[in-house]
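2 protein chains.
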Amino acid sequence: MSEPEISLRERILETSRKFLFSDGYSSLSMRKIAKEIGVSATSIYLYFENKDHLIHTLIEESVEELSTSIEQSVEGVEDTIKRFEAIIWSYIRFAQHNPEKYQIIYMVHSDRMARYPKEKFRKARRGYALLESVIMDGIKEGLMELDKPMIAAYTIWAQLHGVVSVVFNQRLDSRIDRDEFIEESVEQIMQGFLIRITTT
Amino acid sequence: MSEPEISLRERILETSRKFLFSDGYSSLSMRKIAKEIGVSATSIYLYFENKDHLIHTLIEESVEELSTSIEQSVEGVEDTIKRFEAIIWSYIRFAQHNPEKYQIIYMVHSDRMARYPKEKFRKARRGYALLESVIMDGIKEGLMELDKPMIAAYTIWAQLHGVVSVVFNQRLDSRIDRDEFIEESVEQIMQGFLIRITTT
DNA sequence: TCGTTCACTTAACACTGTTAACCTGACTTT
DNA sequence: AAAGTCAGGTTAACAGTGTTAAGTGAACGA
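Just so you know, the protein sequences line up as chains P and G, in that order.
Just so you know, the working numbering puts 35 at position 35 of the first sequence, and the rest follows in order with no gaps.
Here the working numbering = 1-based position in the second sequence + 1000.
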């Protein structure tokens, strides 16, 4: 008759995620999380060193998911250009389908981010490393014309993030259709990297 | 013998800016600003409705400066491609030379940004409108091959912001040189828009 | 001199993250 | 069975936050 017995730690994460999605970061408080669970605020400190660590755990979760979905997107895909496209679109699609999780990753700013352990960034580099290797393949196959694949991979990442963040921060002109903007932008970004093959 | 008589309002803005630059957004407090000036915290409310409004005023300032510097960059430049490049580089250069001011513009997140009056975004669109017109010229002159200049202008903006924000948020690999990254990325972004002219 | 107004202050409310100290029940050891 | 240990919580408190309501005093016009 033993119930699933969800641990308090898990319930804290779950509730934090919920509030983060519904009310945003700035109104997230330890007492609010605790109250929702029906426990005292200080109990959270039994499982997380402080609020920053709690949020970092959530960030890690999301980063992990993003990395995994990028990796899955190229599974079984052989063609280099198709692998290139798959990575880019899986990044975008993750942001579109999991706006909350994507936002968590980039919500905590450089301001607080200084405290985020550098080591953990390596996890985030999993997807990026994959992109880098695809770019190197592309160069070998004469599809791309770049001398610094490492920088190129970061450039793409930065550009994609820029597009997503402009959409999320609602800084887009109201006359512009969200999906059309994403479509065009991504197309543009990929075009910048591929050698334009003129029909010979 | 009348001293310059800097108004309290001005001193509040000045001090806020100073703290924002030195200590970041998350540790900026009304009482801290007031204490530095030597006035009570509530005095700030005589000049600003609340903390958000105070920060919005700072954002506006920075947006104004950015717009102006973009406008100045194309003054007297006739060639369309050179105008295109001038706008892009002045955006990047503004971010590089005024990291604090640039960060202020994007520091307040979508979270709080909802309260930022939409009307004020129009000011931000001054630089963007200029870019859009240059793109339209580029299309006319056969230098670019795009069917949606409005979207294209936003795309560039988004990509540039992505590059800058990756650098500012220190999410760049330590092996990558900051300036080289910016140089390469911007080059890449421009390449995506220009028709590659092969030496015939 | 009275009244008003401006520029500011004090006190207070309801919140925040976080720490120190305490409690309580279950499991072990003697 | 009694005593000890320890996990898993609790309450109280500190120092800080944004913000509001009410009060103060000096300057000024009538």
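Virtual Cβ for every residue (Gly too), placed ideally from N, Cα, C.
Check	Outcome
Simplified DSSP state of G:S1002, which is helix, strand or coil	Below a pLDDT of 50, predicted positions are generally treated as unreliable, and G:S1002, at 40, falls in that range; the measurement from the model is reported next regardless. Three-state result, G:S1002: coil.
CB contact below 8 Å: P:D52 versus chain G	no
Rounded Cβ spacing between G:S1016 and G:L1058 (contact assumed at less than 8 Å)	6 Å
Within-8 Å CB hit, P:V163 to chain G	yes
Backbone CA spacing between P:I139 and G:L1013 [nearest angstrom]	51 Å
Any C-beta of chain P under 8 Å from that of G:F1181	yes
Contact list for G:S1062 against chain P, beta-carbon separation under 8 Å	Near G:S1062 there are no residues of chain P at all, since even the closest Cβ is about 14 Å away, more than 8 Å.
beta-carbon G:A1124 near the ligand FMN non-hydrogen atom, thresh 7 Å	As presented, the structure is devoid of all ligands, the ligand FMN included, so that no description of it is given.
Amino acids of chain G, ordered along the chain, whose beta-carbon sits closer than 7 Å to that of P:G192	Q1188, I1189, Q1191 and G1192
Straight-line gap, P:Y116 to G:M1136 (C-alpha atoms, nearest Å)	44 Å
Assigned secondary structure, P:L194 (DSSP; H/G/I helix, E/B strand, else coil)	strand
Nonlocal neighbours in the same chain, by C-beta distance under 6 Å from P:E141, ignoring five residues either side	T80
Short Cβ contact (8 Å threshold) for G:I1092 with G:I1156	no
Sub-8 Å separation of P:Y154 and G:V1166 beta-carbons	yes
Positions along the region 148 to 162 of chain P whose CB lies within less than 8 Å of some CB in chain G	K148, M150, I151, A152, Y154, T155, W157, A158, Q159, L160, H161 and G162
Cβ of P:I55 within 8 Å of any chain G Cβ	no
Residue interval of the alpha helix (DSSP H) (run including P:R122)	F121 to K140
Members of the region 16 to 36 of chain P near chain G, C-beta cut-off 7 Å	G24, Y25 and S26
P:K101 classed as buried or exposed, judged by whether at least 16 other C-beta atoms fall within 10 angstroms	buried
Three or more C-beta pairs below 8 Å linking the region 120 to 132 of chain P and the region 66 to 82 of chain P	yes
Contacting residues, own chain, Cβ-Cβ under 8 Å from P:I87 (five flanking each side not counted)	I70, S73, V74, G127, L130, L131 and V134
Buried versus exposed, by CB contacts within 10 Å (16 or more), G:G1162	buried
Contact set between G:I1176 and chain P, taken where Cβ atoms lie within less than 7 Å	M150, I151 and Y154
Under 8 Å between C-beta atoms of P:I104 and P:S40	no
Counted within 10 angstroms of its Cβ, other Cβ atoms place G:I1195 as buried (16 or more) or exposed	exposed
Where the alpha helix (DSSP H) through P:A23 begins and ends	First, the residue type needs correcting, since residue 23 of chain P is Asp and not Ala in the sequence shown. Segment L8 to D23, the alpha helix (DSSP H) holding P:D23.
Listed by chain order, chain P residues near G:D1173 by CB distance under 8 Å	R125, M150 and Y154
P:E49 burial status per 10 Å Cβ neighbour count (16 or more: buried)	exposed
Short CB-CB distance (under 8 Å) between P:V74 and chain G	no
Among G:R1011, G:R1171 and G:R1178, nearest to G:Q1096 - alpha-carbon criterion	G:R1178
Within chain G, partners of P:E184 - CB distance below 8 Å	K1148, I1151, A1152 and T1155
Alpha helix (DSSP H) segment containing P:Y106, residue limits	P99 to M107
Environment of G:T1200 [buried if 16+ CB atoms lie within 10 Å]	Confidence in G:T1200 is poor, its pLDDT being 39 and thus under 50, which makes the residue's placement unreliable; the coordinate value appears in the next sentence. Exposed is the call here.
Exposed unless 16 or more other CB atoms sit within 10 angstroms - verdict on P:R31	exposed
Minimum Cβ-Cβ distance from P:V166 to chain G less than 8 Å	yes
Within chain G, partners of P:D137 - CB distance below 8 Å	Simply none; closest approach about 18 Å.
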